[in-house]
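Single-structure report; data block below.
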Amino acid sequence: MERTVACIGAAHIDRKATAAGPIVPGSSNPVTMRVGAGGVARNVAENLARLGLSVTMVSRVGHDREGDAVLDSLGEAGIGFDLVTRSVGSPTATYTALLDKTGDLAIGLADMGIYDELTVDVLEPLLPRLEDIPVWFIDCNLPAESLRFLLRRKPKDCKIYVDCVSVAKTARLQGILGGIDTLFANADEASYLSHIPIRAPLDVCEAGYRLMCNGVGSVVITRGQEGAFVASPFDYDFFMPPPVDVNEVTGAGDALIAGVIFGRISGHDMAEAMSLGLACAAWAVETEATVNPSLSADRVIERAGLLLKTG
Numbered sequence: 001m002e003r004t005v006a007c008i009g010a011a012h013i014d015r016k017a018t019a020a021g022p023i024v025p026g027s028s029n030p031v032t033m034r035v036g037a038g039g040v041a042r043n044v045a046e047n048l049a050r051l052g053l054s055v056t057m058v059s060r061v062g063h064d065r066e067g068d069a070v071l072d073s074l075g076e077a078g079i080g081f082d083l084v085t086r087s088v089g090s091p092t093a094t095y096t097a098l099l100d101k102t103g104d105l106a107i108g109l110a111d112m113g114i115y116d117e118l119t120v121d122v123l124e125p126l127l128p129r130l131e132d133i134p135v136w137f138i139d140c141n142l143p144a145e146s147l148r149f150l151l152r153r154k155p156k157d158c159k160i161y162v163d164c165v166s167v168a169k170t171a172r173l174q175g176i177l178g179g180i181d182t183l184f185a186n187a188d189e190a191s192y193l194s195h196i197p198i199r200a201p202l203d204v205c206e207a208g209y210r211l212m213c214n215g216v217g218s219v220v221i222t223r224g225q226e227g228a229f230v231a232s233p234f235d236y237d238f239f240m241p242p243p244v245d246v247n248e249v250t251g252a253g254d255a256l257i258a259g260v261i262f263g264r265i266s267g268h269d270m271a272e273a274m275s276l277g278l279a280c281a282a283w284a285v286e287t288e289a290t291v292n293p294s295l296s297a298d299r300v301i302e303r304a305g306l307l308l309k310t311g
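Position 49 (the sequence shown) corresponds to 49 in UniProt numbering; numbering is contiguous.
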C-alpha cells in the first residue's frame, strides 16, 4: 500500500490514573488506572488512519511485552510499522499521567530514554522508503541531530509538520526552523522559541510572526480552553474550541494536529483545516480513550461544518 503520511517519533505505553477525589500531595490517592498505547506521533498516526489516510510509523520500541503491545496497536489501527526499529538494551518508553477528577492533567511522568536511540545512523537507512511519502509529521522526542538531519534531507515536494511536545524538547528546534512547513506549539513552547513572553492575545500574534520570520511556513499556537492562533502567509486568526462535554483532555492536541494535516492534504486552506482540527480535538476530549474509536472523516467534516456556520 502506498503511504500518504509518515509519523516519526514517539510510540509507547500510556498509563493514565484518574483520581477519585481531590489529589492530596504526599499521600496515597485512590485512582482508576487505564493502560494503552500512546505517544504523540503514534496518536497522530491513529487519528489520521481513522480519518481514512494511509499512514506509516517510524519509531523505536524495546524487545519486551510493551513493545509487542505497541506494534499490535499499530497493526490493529491499520498503520504500517515496518519502519519501527527495536532496541536490544532499552525498554519501550512509558508515559504515566495523573489526572484530577475533572480529567485535567495534574502531573505527567515520562520514561523515554529509548528515543535517544533514534539517531541519524538509525534513520538514514530508512530514507529511501521515507522519500516516497509526501507528508511527514515529526515530534520533538527525537534527538536534535536527528531532527536537523530529517529537515535537511526532506524531499523537494514533501510537507513537514512538527510538534514541539514540551518546552524542554522545543530547544532541539533552535536554528532549524526553516525546514518546517507547519509548526504546532503551545503558548509556553512558542514563547520559548520566539523569545516573546506571551501574556495577552497580541503577544501570541507577535510570537507567531517572529517564528514565521525565522523560516516556519505556518504556525499553530494552542492555548487550551482559550483556543488557538494560526499564522500563515495569507492569514492570521484566532479560533475558539466548540462547546464540549470534557471527559479528559489527554490526546486533544494530537487529534487537533491530525485534523489539520487531514484538512491540508484534502485541499483545505489553513482556516478550514483548523476547523477540522478543532472538530477532531472535540471528539478526543469526549471519550476516555486517547484516540476516539468513533472518529471518522464524515463525522469530523460534519462537525467542522457546524463550527464554520456558528463561528
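Each residue gets a CB set at the ideal place from its N, CA and C atoms; glycine is no exception. Keep in mind it's a predicted model, so treat the numbers as computed, not measured.
The segment 110-119 touching the segment 77-93, judged by at least three CB pairs closer than 8 Å: Cβ pair count under 8 Å is three or more, so yes.
With 16 other Cβ atoms within 10 Å as the buried cut-off, status of N65: It is worth fixing the name first, because residue 65 is Arg in this sequence and not Asn. Around the CB of R65, fewer than 16 other CB atoms lie within 10 Å, so the residue is classed as exposed.
Inter-residue Cα distance where the pair is P241 and G89: Distance from the CA of P241 to the CA of G89, rounded to the nearest whole angstrom, comes to 43 Å.
Backbone CA spacing between G39 and D235 [nearest angstrom]: Looking at the backbone, the Cα of G39 and that of D235 are separated by about 31 Å.
Helix, strand or coil at G75 according to DSSP, with G and I counted as helix: The answer is helix: DSSP assigns G75 an H, G or I state.
Length-filtered (4 minimum) alpha helix (DSSP H) runs lying within the segment 160-187: Secondary structure in the segment 160-187: the alpha helix (DSSP H) runs of 4 residues or longer, each lying completely within the stretch, are 167-170 in chain order.
Range covered by the beta strand (DSSP E) that runs through A10: Note, A10: premise wrong, no beta strand (DSSP E); not H, not E.
Cβ neighbour criterion (16 or more within 10 Å) applied to C164: So C164 counts as buried.
Any chain C beta carbon closer than 8 Å to R50: Judged by its chain identifiers, the structure shown contains no chain C, having just a single protein chain.
Under the three-state DSSP convention, the category D235 falls into: Strand, per DSSP.
Touching by the beta-carbon criterion (3+ pairs, under 8 Å), the segment 140-152 and the segment 191-204: At 8 Å Cβ cutoff, the stretches do not touch.
Length of the line joining the Cα atoms of I176 and D237: Going by the C-alpha atoms only, they are around 25 Å apart.
Check whether G277 and I138 have beta carbons under 8 Å apart: It is not a contact, given that the beta carbons lie outside the stated cut-off.
I301 in three-state terms, based on DSSP: It is helical.
Where F229 sits in the DSSP three-state scheme: Collapsing the DSSP output to three states places F229 in a strand.
Reference R50, options P233, I79, N29, closest by Cα: For R50, the nearest C-alpha among the options comes from I79.
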